[in-house]
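Novice: After the C-alpha cells below, expect a handful of questions from me.
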C-alpha cells in the first residue's frame, strides 16, 4: 500500500463495493452452489472475528458447499455463509426432505456452532433474480459504508429473492441502524437479522486500541 496515497472517499469506496459485488454475481450466477463472503478480504484486519474464527468460517463454507454439491447435484441452489461458526443456508431445494437433510448435513460439519436454515422449497432461481439480488447486496453495503454512524465492514450482507440477511458481531444500536439502512434500500422486500449481539464493553475489547502518543518534548 502506498502510504502517501490520498484519503479514499467513502462515496468512491461505496461505488467500488457495488461494482465488485456486481462482478462477482456475474461470474458466479451460473453455479448452482455458491460460497458466501468472497468479497471483502481487504477488510480482514478490521474483522470482529478472531483470525482463527475467520479461517474456520472459510473451512466451514468449503466443506459444507462440497457436501451440498454431493447431496443435491444440480437439483438445488444452496448458498452457505458462515460467520463466527454460525451458518446461514439460503437458496432453493426441491423438497422439504431435502431442506431438512441439508440442515443436518451442514450441522455435522466440523466447527459449526449453529445453523439458520432459510432454504425455500422452490425451483432454482433465475439468472435475472440472482443478478438482482447481487445488486441489492451492493446497494445495502454501499449505504452502510456511506453511513457515518456505522462500521459498514462489521456487517455481512446476503440477499436471496429480495430478502436481505444481516450477519455480524454488533451492538444492539448497530443492529438497529444496519436494519434501518437495509429496510430503506431500493429493492429490499424483507430483512432478517442473524446477528450476534455484543455489549459496548465487548466491542471496546474487540476493536484495535490506538497506539499510545509519544511525548515529543525534547529532553533537557
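In this note's numbering, the protein residues as written are 196 to 415.
Here a beta-carbon is modelled for each residue, glycine too, at the ideal position from N, C-alpha and C.
I'd like the list of long-range same chain contacts for residue 301, defined as Cβ closer than 8 Å, with 5 residues on each side in sequence excluded.
Specialist: 259, 262, 263, 275, 282, 284, 307, 310
Novice: So the candidates are 342, 255, 247, 327; which of them puts its Cα closest to the Cα of residue 373?
Specialist: 342
Novice: Can you tell me whether DSSP reads residue 321 as helix, strand or coil?
Specialist: coil
Novice: Quick check on residue 250: buried or exposed, where buried means 16 or more other Cβ atoms within 10 Å of its Cβ?
Specialist: Exposed.
Novice: Using 8 Å for Cβ pairs, my map puts residue 350 next to residue 331. What's the rounded Cβ distance?
Specialist: About 14 Å; that fails the 8 Å criterion.
Novice: Roughly how many angstroms separate the alpha carbons of residue 318 and residue 392, rounded to a whole number?
Specialist: 34 Å
Novice: For residue 334 and residue 241, what's the separation of their Cα atoms in angstroms?
Specialist: 21 Å
Novice: Kindly provide the ranges of any alpha helix (DSSP H) runs that are 4 or more residues long and lie completely inside the segment 235-286, ordered along the chain.
Specialist: 246-267
Novice: Restricting to runs no shorter than 3 residues, where is the beta strand (DSSP E) found entirely within the segment 357-414?
Specialist: 358-365, 385-392
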